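**Student:**
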Amino acid sequence: MNRRLFIEKVSRGALGVSVAGCLPGERAGLAAVPAVRAAPVKNWTWTDGGEKLKPDQQKRRFEEFRKAGINAVLFSSYNAEVLARAKEQGLETHAWTWSLCRGDKELLEKHPDWYDVSRRGDSASNKPPYVDYYHFLCPSRVEVREHLAKIVAGLGDTENLDGIHLDYIRYPDVILPVALWKKYNLVQNEELPQFDFCYCEVCCKAFKDQTGEDPLQLPDPPSHAAWRQYRYDSVTKLVNHLVEVAHGKRKQITAAVFPTPSIAQKLVRQDWVRWNLDAVLPMVYHSFYNEKPEWIKRAVNEGVSALPKNRPLYAGLYLPDLQGKDFDRAVEFAMAGGAKGVSLFGGVRPIKEG
Ligand SMILES: [Zn+2]
Numbered sequence: 014m015n016r017r018l019f020i021e022k023v024s025r026g027a028l029g030v031s032v033a034g035c036l037p038g039e040r041a042g043l044a045a046v047p048a049v050r051a052a053p054v055k056n057w058t059w060t061d062g063g064e065k066l067k068p069d070q071q072k073r074r075f076e077e078f079r080k081a082g083i084n085a086v087l088f089s090s091y092n093a094e095v096l097a098r099a100k101e102q103g104l105e106t107h108a109w110t111w112s113l114c115r116g117d118k119e120l121l122e123k124h125p126d127w128y129d130v131s132r133r134g135d136s137a138s139n140k141p142p143y144v145d146y147y148h149f150l151c152p153s154r155v156e157v158r159e160h161l162a163k164i165v166a167g168l169g170d171t172e173n174l175d176g177i178h179l180d181y182i183r184y185p186d187v188i189l190p191v192a193l194w195k196k197y198n199l200v201q202n203e204e205l206p207q208f209d210f211c212y213c214e215v216c217c218k219a220f221k222d223q224t225g226e227d228p229l230q231l232p233d234p235p236s237h238a239a240w241r242q243y244r245y246d247s248v249t250k251l252v253n254h255l256v257e258v259a260h261g262k263r264k265q266i267t268a269a270v271f272p273t274p275s276i277a278q279k280l281v282r283q284d285w286v287r288w289n290l291d292a293v294l295p296m297v298y299h300s301f302y303n304e305k306p307e308w309i310k311r312a313v314n315e316g317v318s319a320l321p322k323n324r325p326l327y328a329g330l331y332l333p334d335l336q337g338k339d340f341d342r343a344v345e346f347a348m349a350g351g352a353k354g355v356s357l358f359g360g361v362r363p364i365k366e367g
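First residue of the sequence shown: 14, per the working numbering; consecutive thereafter.
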């Protein structure tokens, strides 16, 4: 799909369903439903800042986002100029922020002890699992929490920035999405020790203080419910602290999460229904789970049903695997599942022409 065609599709898809999807109570004709209007539809895109574009090109890009039905942009990079131009075009601006996966040279050199340790005893600082950038920090460490809080507070002071968007706010995948097993030549029907985190001193001590048991001495750590819960809680506490910091700066805070509450817990130990965010953006990337676009509706609905009623869910769609009509259908499935909009990954790019 070329870019222009894609933008037309977004426009038709996202805006087309917004009319039907935003007022479920009225549409169903339920007289008893209180006349509370659902949150308005909001569509997002993950993209770069396009800092090298000339001002008129940047203006055109943001105008096209708006025309395509995009309301909010999650920037992987930006400068003051980018944010100001996006605001001028009426777009919300969010800082797309890698959270626990941080391979900053300075951190790796000065604080290797801040990183996750696997059940096999390897540190993600020098032996990251799967890929060389998988340097995940341990969410249980006070120093890590303070470090990330400082980053969020700094973003909170940024002019023309509406929100902070957390990505990689989780443990490394203890189990990869099934479609990726082949790529890494793995069979992960169980939690393998080299991918199971975090068994650092801080985590082991905290769990022992809490329960009297050392995680490394458990006969079968993966089957131990309290140990799994400890790790869900560790990320949840961190997120909820970052929410307080962002709200203290009057900024929105959202996160990219795994597709459903159950998959998120199982694969990366995210218990995101308990995160006090302003919204969640689950990556309902059907192809990663060998599913068809129809699955998006079920996945979205599982999340919406588990979340507090007033917390919007925006369905993250993986555009490279949504060719032709599948894109329109994916948007419809997301809205039918109860999403308040979609967030697009891998499709909207800066204008390349000179
Ligand atoms: Zn740890």
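We put the CB at the ideal spot given by N, CA and C, even for glycine.
Values in this document were obtained by computation on a predicted structure and should not be read as measured data.
May I have the straight-line CA-CA distance separating D307 from K279, to the nearest angstrom?
**Tutor:** Within the sequence shown, the letter at position 294 stands for residue 307. Within the sequence shown, the letter at position 266 stands for residue 279. Checking the displayed sequence, the identity of residue 307 turns out to be Glu instead of Asp. If I take the Cα positions, the gap works out to 22 Å.
**Student:** Given W194, which residues of its chain have a CB within under 7 Å of its CB, disregarding the five upstream and five downstream residues?
**Tutor:** As a first step, residue 194 must be located in the sequence shown, where it is residue number 181. Within the same chain, W194 has close Cβ partners V200, Q201.
**Student:** Starting from G169, trace the beta strand (DSSP E) in both directions and tell me its first and last residue.
**Tutor:** Locating residue 169 in the sequence shown gives position 156, counting from the first residue. Run containing G169: none in the beta strand (DSSP E); it sits in the alpha helix (DSSP H), 155 to 169.
**Student:** Where L189 and V313 are concerned, what is the direct C-alpha to C-alpha distance, given to the nearest angstrom?
**Tutor:** Start at 1 with the first residue of the sequence shown, and residue 189 comes out as number 176. Start at 1 with the first residue of the sequence shown, and residue 313 comes out as number 300. If you take the alpha carbons of L189 and V313, they lie about 20 Å apart.
**Student:** Give a yes or no on contact between the stretch 118 to 136 and the stretch 148 to 157, applying the rule of three or more CB pairs nearer than 8 Å.
**Tutor:** yes
**Student:** Going by DSSP, what residues sit across from Q265 in a beta bridge?
**Tutor:** For the purposes of this step, residue 265 is taken as the residue at position 252 of the sequence shown. Its beta-bridge partners are G176.
**Student:** Relative to the alpha-carbon of F8, which residue among Y197, E204, Y245, Q207 has its alpha-carbon at the smallest distance?
**Tutor:** No answer is possible for residue 8: the residues shown for the chain start at 14 and end at 367.
**Student:** Counting C-beta neighbours from all protein chains within 10 Å, is the total for A93 16 or more, i.e. buried, or is it exposed?
**Tutor:** The residue given as residue 93 occupies position 80 in the sequence shown. By the neighbour-count rule (16 or more Cβ atoms within 10 Å), A93 is not buried but exposed.
**Student:** Taking the alpha carbon of E119 as the point to measure from, which residue in S138, G134, Q102, T110 has its own alpha carbon closest?
**Tutor:** Here residue 119 refers to the residue found at position 106 of the sequence shown. Comparing Cα-Cα distances from E119 to each of S138, G134, Q102, T110, the minimum goes to S138.
**Student:** P206 to Q71, Cα distance in whole Å?
**Tutor:** Counting from one through the sequence shown, the residue named residue 206 turns up at place 193. Counting from one through the sequence shown, the residue named residue 71 turns up at place 58. The C-alpha of Q71 is placed about 47 Å away from the C-alpha of P206.
**Student:** Which same chain residues, not among the five before or five after A349, have their C-beta less than 6 Å away from its C-beta?
**Tutor:** Position 336 of the sequence shown holds residue 349. Cβ neighbours of A349 beyond the five flanking positions: K310.
**Student:** Does DSSP classify T273 as helix, strand or coil?
**Tutor:** Along the sequence shown, read from residue 1 onward, the residue named residue 273 stands at position 260. Three-state result, T273: coil.
**Student:** To which residues does DSSP link S450 through a beta bridge?
**Tutor:** The requested residue 450 does not occur in the structure, where the chain is confined to residues 14 to 367.
**Student:** Quick check: the Cα distance between R183 and W59, rounded to an integer number of angstroms?
**Tutor:** In the sequence shown, residue 183 corresponds to position 170, counting from 1. In the sequence shown, residue 59 corresponds to position 46, counting from 1. Taking the CA atoms as reference points, R183 sits about 19 Å from W59.
**Student:** What separation, rounded to the nearest whole angstrom, lies between the Cα atoms of W57 and K338?
**Tutor:** Here residue 57 refers to the residue found at position 44 when the sequence shown is read from its first residue. Here residue 338 refers to the residue found at position 325 when the sequence shown is read from its first residue. Approximately 20 Å between the Cα atoms of the pair.
**Student:** So for V130, helix, strand or coil by DSSP?
**Tutor:** Start at 1 with the first residue of the sequence shown, and residue 130 comes out as number 117. Taken through DSSP and simplified to helix, strand or coil, V130 comes out as strand.
**Student:** Is L288 helix, strand or coil by DSSP?
**Tutor:** Here residue 288 corresponds to residue number 275 of the sequence shown, with the count starting at 1. Checking the sequence, you will find Trp at residue 288 rather than Leu. Coil, per DSSP.
**Student:** Tell me whether C213 counts as near ligand 1, meaning its Cβ is closer than 6 Å to at least one heavy atom of that ligand.
**Tutor:** Residue mapping note: residue 213 aligns to position 200 of the sequence shown, counting from 1. Indeed, a heavy atom of ligand 1 lies less than 6 Å from the Cβ.
**Student:** Under 6 Å from any heavy atom of ligand 1, does the C-beta of C216 make it?
**Tutor:** Your numbering for residue 216 matches position 203 in the sequence shown. Yes - ligand 1 has a heavy atom lying nearer than 6 Å to the Cβ of C216.
**Student:** Would the beta-carbon of C114 be found less than 6 Å away from any heavy atom of ligand 1?
**Tutor:** Taking the first residue of the sequence shown as 1, we reach residue 114 at position 101. No - ligand 1 has no heavy atom lying nearer than 6 Å to the Cβ of C114.
**Student:** Give me the Cα-Cα distance between A328 and E345, rounded to the nearest whole angstrom.
**Tutor:** To locate residue 328, count along the sequence shown from 1; it is residue 315. To locate residue 345, count along the sequence shown from 1; it is residue 332. Roughly 11 Å separates the two Cα atoms.
**Student:** Please list the terminal residues of the continuous alpha helix (DSSP H) segment that includes V95.
**Tutor:** Taking the sequence shown and counting its residues from 1, one reaches residue 95 at position 82. Residues 93 to 101.
**Student:** Determine the DSSP secondary structure at P125, reduced to helix, strand or coil.
**Tutor:** The count along the sequence shown starts at 1 and reaches residue 125 at position 112. Note: P125 maps to helix in three-state DSSP.
**Student:** Classify V297 as helix, strand or coil using the three-state DSSP reduction.
**Tutor:** Along the sequence shown, one-based indexing puts residue 297 at 284. Reduced to three states, the DSSP call for V297 is coil.
**Student:** Please report the distance separating the alpha-carbon of V281 from that of R98.
**Tutor:** In the sequence shown, residue 281 corresponds to position 268, counting from 1. In the sequence shown, residue 98 corresponds to position 85, counting from 1. When rounded, the separation of the alpha-carbon atoms in V281 and R98 is 36 Å.
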